[in-house]
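Residue 450, in the working numbering, is where the sequence shown stops; the numbers in between run on with no holes. Ideal placement from N, C-alpha and C gives every residue a C-beta, glycine not left out.
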Amino acid sequence: MTANVLIKGGRIIDPSQSVDEISDLLVTNGVITEIKTSLDRPRNSEVFDAEGKIVCPGFIDLHCHLREPGEEYKETIETGTAAAAAGGFTTVCAMPNTVPAMDNQSVVEYVLKKAKETAQIRVLPIGCVTVGRKGKQLSEMSELAELGVIGFSDDGDPIEDSNIMRQALSYSAGLKLPIINHCEVPTLAHGASMNEGWVSNRLGLKGMPNSAEEIMVARDLSLAELTGGHIHIAHVSTMGTLNLIKAAKARGIRGTCEVTPHHLTLSETLVMGPTEDSFVPLSRDAYNTNAKVNPPLRNQSDVRSMVEGLQNGTIDVIATDHAPHNQVDKTTTFQDAAFGISVLETGFGSLMTLVDNGHIDVNTLIKKLTADPAKLLGMDIGSLKKGNSADITVFDPSETWIVNPQTFLSKGKNTPLEGTLLKGKIKATFFKGRKIY
Ligand code: DOR
Ligand code: ZN
């Protein structure tokens, strides 16, 4: 567990400095000191053999739910960050839909204290936009900013009131922090449990149309233009959303967005079970509540447009939206089940299928998990530059494994990928030079 490590013979990929070479990487006292071929092992250092593996900056997750305080039966900061480390992440941003919500100084201080005591990685809190996430009254945003929140969100729920959103964007412009909105027009999404389309019709479930997301995205981009604030759209899922963001960016509006591994790789048919060929009669795996997530898994053409958005830069970063739930929340009817997927431990493996299929290259994938989220945070992380904290992920791009939620470090076993073969396995995660996974 020393903070002096020589990582030998790996393919080092660091998009922040356009590095892609087979080399050694030396860490001294928790800090990156050198990248060079054939480095000698200094005294008092461990050697990690990375031959055949890829060595890159530790991943940064801008969006996850750690559930503490209040829902420790679903996840804690300790279990969630252990799962994150197992998934290659060394920094996670914690969403504030906890109980109580992170809408005031004492709750944020509690989260920071718990993170210091129990997390092996960096935990950056996100503050609420409104008091109690009720959408009526702005939280003490500047007080939360002083404590170090990296943005504001009522995630899980949208900010419905346009005037509240306008004020939030105005304040956040002054604080130089983003408003992160979960875009969903309530009157269009009310009572819906999946995407609106032929699958929802076939299953007799109420669907959410793409417009529920897109109308609010359009409004938020317009308000960002009006106020000069920074709107960050959480978990984009439709082609229409990407068209709006692309056009806004072209006009110089400060609008950014993230996509999840599941919206890049899975479509609505998964709600009918893993096979698409037997919808008459329905397979016994239909109404799979582990495929219930918000925004819902969309149709194939939306999934393809997410991949395109990643390639053409409309999508800024990949974020997990790790949303752990316990069995009781998911072992019920599709209509009643909780929204959310446990993602931290499968996210990278499922993203590697896009690399394997030739949809994106591994350098772009790593950039969207490291340099680009670091840029959004305005922090000197996500990079293997000399002098930076030695936050490092080592993975084997060709090792295959089968998803078994019972082995997850996360308390959330709610994944629709159980039994799926993935290619690409995290072999080690270092934080400040210490091997924590
Ligand atoms: O599926 C989701 N689960 N979407 C959200 O926006 C919230 C999240 C949760 O907190 O469970
Ligand atoms: Zn959300």
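Residue i to residue j span [Cα, whole Å]
i	j	result
Gly83	Pro113	7 Å
Lys436	Pro418	16 Å
Lys438	Thr413	7 Å
Ile228	Leu283	26 Å
Ser250	Asn17	42 Å
Asp393	Val142	26 Å
Thr240	Ser175	12 Å
Pro28	Ile35	14 Å
Ala260	Ile246	14 Å
Lys426	Asn339	7 Å
Gln180	Ser235	13 Å
Ile172	Lys448	40 Å
Gly395	His275	22 Å
Ala202	Leu310	14 Å
Asp385	Ser185	21 Å
Glu431	Phe347	18 Å
Gly400	Ile45	5 Å
Asp374	Pro410	12 Å
Ala351	Gly210	21 Å
Arg232	Pro222	17 Å
Thr345	Val68	42 Å
Asn57	Thr41	10 Å
Cβ-Cβ distance between residue i and residue j below 8 Å
i	j	result
Lys66	Lys445	no
Gly322	Val272	yes
Ser467	Gln324	For residue 467 there is no data in the structure shown, the boundaries of the chain being 14 and 450.
Lys87	Lys424	yes
Asn110	Arg146	yes
Gly265	Ile244	no
Pro138	Leu151	no
Leu364	Ile331	yes
Thr94	Val105	yes
Leu390	Ile163	yes
Val230	Met285	no
Leu38	Leu397	yes
Gly100	Ala63	no
Ile20	Ile405	yes
Met108	Gly140	no
Leu216	Tyr123	no
Proximity to residue i [Cα-Cα], best of the options
i	options	result
Phe102	Glu159, Met108 and Thr383	Thr383
Leu456	Tyr123, Leu430, Thr200 and Ala97	Nothing can be reported for residue 456: it is not among the residues displayed for the chain, which extend from 14 to 450.
Asn376	Asn208, Ile20, Ile26 and Ala16	Ile26
Phe361	Gly161, Ala387, Leu390 and Leu434	Leu434
Asn303	Gly326, Pro337, Glu153 and Gly23	Pro337
Asp329	Arg135, Pro70, Lys388 and Ser396	Lys388
Asp349	Pro28, Gly204 and Glu64	Gly204
Pro199	Asp170, Ala299, Ala158 and Val407	Asp170
Ala128	Val120, Ile90 and Lys21	Ile90
His78	Glu47, Val341, Ser166 and Lys21	Ser166
Val320	Tyr300, His372, Arg311 and Thr346	His372
Thr327	Ile258, Met207 and Ile134	Ile258
Ser206	Pro287, Gly353, Asp33 and Ser51	Gly353
Gly253	Val68, Ser318 and Ile73	Ser318
Val293	Asn214, Lys219, Phe443 and Glu226	Asn214
Leu218	Ala225, Glu226, Asp168 and Asn208	Asn208
Arg80	Asp168, Glu226, His195 and Gln30	Asp168
Ala403	Thr442, Pro287, Lys380 and Ser155	Thr442
Extent of the continuous alpha helix (DSSP H) run through residue i
i	result
Ser411	Unbroken run through Ser411 is the beta strand (DSSP E), Ile405 to Ile415; no alpha helix (DSSP H).
Phe361	Gly360 to Asp369
Asp315	Gln313 to Asn325
Lys381	Val375 to Leu382
Arg179	Ser175 to Leu188
Glu159	Met154 to Glu159
Val124	Gln118 to Thr131
Gly253	Met252 to Ala263
Asn214	Trp211 to Leu216
Leu201	Pro199 to Ala202
Asp342	Gln340 to Lys343
Whole-number beta carbon distance between residue j and residue i, since they are thought to touch under 8 Å
i	j	result
Thr359	Thr428	6 Å
Asp315	His248	12 Å between Cβ atoms; not a contact.
Leu188	Ala237	That belief does not hold up - the Cβ atoms of Leu188 and Ala237 are roughly 14 Å apart, past 8 Å.
Ser355	Phe408	No, Ser355 and Phe408 are not in contact; Cβ-Cβ is about 20 Å, not under 8 Å.
Pro70	Glu197	Actually they do not touch by this definition, with Cβ atoms about 33 Å apart.
Val121	Leu160	5 Å
Gly177	Gly242	The sequence shown places Ile at residue 177, rather than the Gly named in the question. Actually they do not touch by this definition, with Cβ atoms about 13 Å apart.
Start and end residues, beta strand (DSSP E) containing residue i
i	result
Ala107	Phe102 to Ala107
Asn223	It is not in any beta strand (DSSP E) - Asn223 instead sits in the alpha helix (DSSP H) that spans Asn223 to Thr240.
Glu34	Val32 to Thr41
His276	Looking at the DSSP string, His276 is not in any beta strand (DSSP E); the run it does join, the alpha helix (DSSP H), is Pro274 to Thr278.
Glu91	That residue, Glu91, is in no beta strand (DSSP E); its alpha helix (DSSP H) goes Ile90 to Ala99.
Val60	Glu59 to Asp62
Lys398	Run containing Lys398: none; DSSP gives neither H nor E here.
Residue i beta carbon near the ligand GDP (any heavy atom closer than 7 Å)
i	result
Asn307	The ligand content of the structure shown is limited to the ligand DOR and the ligand ZN, which means the ligand GDP is not among them.
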